[in-house]
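Each residue of the sequence shown is one higher than the one before, counting from 26 in our numbering. Presented below is the structure to which this report refers.
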Amino acid sequence: MGAGIGEPVVFVHGIPTDYRAWNGQIEPFSEKYHVIAYSRRLAQPNQNSMDYEKSTIENNSADLVGLIEELGISPIHLVGHSYGGFASAFCASTNPQLIRTLTLIEPAVSTILLKNLKSKSGFLGLLLEHPSIAVSAAKFQRNSLNPSLKAFRQGDFDAALRYNLDGIMNRHGAFEQFPEQVRIMVKENERTVGELMAEVPVFGREEASKISAPTLLIHGTESPTVLHAIVNRLGKAIPKSEISTISGAAHFPHFEKPQEFNQLLLGFLSKHASN
């Protein structure tokens, strides 16, 4: 989806959404910018190939680079959320010449906390140094990620979706609390939860420090502590970064609190526009 004329702003959605996640941004941003919102490789309306383990951060970043180069729109204002936020951060780190500004909304950059997510000694170190973060991460894995992927492997995609949403929204019954249009969208993309089975690249302080674009990091006040910790760690590692919170929002501030989100992001973009 594209609209408007001006400097390009590309929106990259997370799991379990698609380009429609940005419906609340298309019109207001297109008044000043050329807005592009696309669906990543496995999201609707693309044909879902069930090849989730190939929907890696690296491949999604390569898709994004291909889109930018095909359209000839660099440098862009890049806005990424969750899994799409990780892909956006990876893209900005490895292809800094393509990015004018970067906005990351609760990016799922888990390796900024633990380089090896399977390392027991690494988790123990996190527990000793930052107990609240470690407890939040363990709770998320135990109550959301593990049961979500177990249900997914058993073919119960509805349960996989609900476990995933309860975890990232930090509350039970999250699916039912969404507006109807959001429920339709996430239900149609329930199988993209399988992307969480893909191996993730190491993306630590060194990789984050290679992001040269002015960067806005956003998190909601109601999301899990571990997601706040990721934002804070990235904020310390990315040279030209700032952190903002959106009160009353959890993991999807762009459609939970669209007015507050739009005001925040438009203000950031205006500070770094070329004209």
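Glycine is no exception: its CB is placed at the ideal position from the N, C-alpha and C atoms.
Per DSSP, the unbroken beta strand (DSSP E) holding residue 242 starts and ends at 240-245. The Cβ atoms of residue 109 and residue 192 lie no closer than 8 angstroms to each other. Listed in chain order, the alpha helix (DSSP H) elements of length 4 or more contained wholly in the region 98-128 are 107-119. The beta carbon of residue 83 sits closer than 8 angstroms to the beta carbons of 115, 226 from its chain, once the five residues preceding and following it are set aside; these are given in chain order. The residues 36, 128, in chain order, have a CB closer than 6 angstroms to that of residue 104 in the same chain once the five nearest residues on each side in sequence are set aside. Using a Cβ-Cβ distance cut-off of 8 angstroms, the region 234-251 and the region 59-69 are not in contact, since fewer than three pairs of beta carbons, one from each stretch, lie closer than that value. Scanning the region 193-275 from its first residue to its last, the whole beta strand (DSSP E) runs of 3-plus residues come out as 240-245, 266-271. By a beta-carbon distance limit of 8 angstroms, residue 233 does not contact residue 107. Their separation comes to about 17 angstroms.
The beta carbon of residue 177 sits closer than 7 angstroms to the beta carbons of 185, 218, 219 from its chain, once the five residues preceding and following it are set aside; these are given in chain order.
In this structure, DSSP gives residue 70 a state outside helix and strand, which the three-state scheme calls coil. Note on geometry: alpha-carbon atoms of residue 120 and residue 102 lie some 13 angstroms from one another. Nearest in C-alpha terms to residue 50, of all of 299, 297, 290, 211, is 290. Secondary structure note for residue 59: its beta strand (DSSP E) is the uninterrupted segment 59-63. For the pair residue 210 and residue 45, the CB atoms are nearer than the 8 angstroms cut-off.
Residue 91 counts as exposed, since fewer than 16 other beta carbons sit within 10 angstroms of its beta carbon. In this model, residue 125 and residue 286 are separated by some 20 angstroms (Cα to Cα). By the 16-neighbour rule on beta-carbons within 10 angstroms, residue 265 is exposed. By the 16-neighbour rule on beta-carbons within 10 angstroms, residue 95 is exposed.
Counting C-beta atoms within 10 angstroms of its own C-beta, residue 204 has fewer than 16 neighbours from the protein chains shown and is therefore classed as exposed. Excluding residues up to 5 positions away in sequence, 228, 229, 230, 233, 255, 258, 259, 262 lie with their Cβ nearer than 8 angstroms to the Cβ of residue 137 in the same chain. One alpha carbon belongs to residue 59, the other to residue 48, and they sit about 14 angstroms apart.
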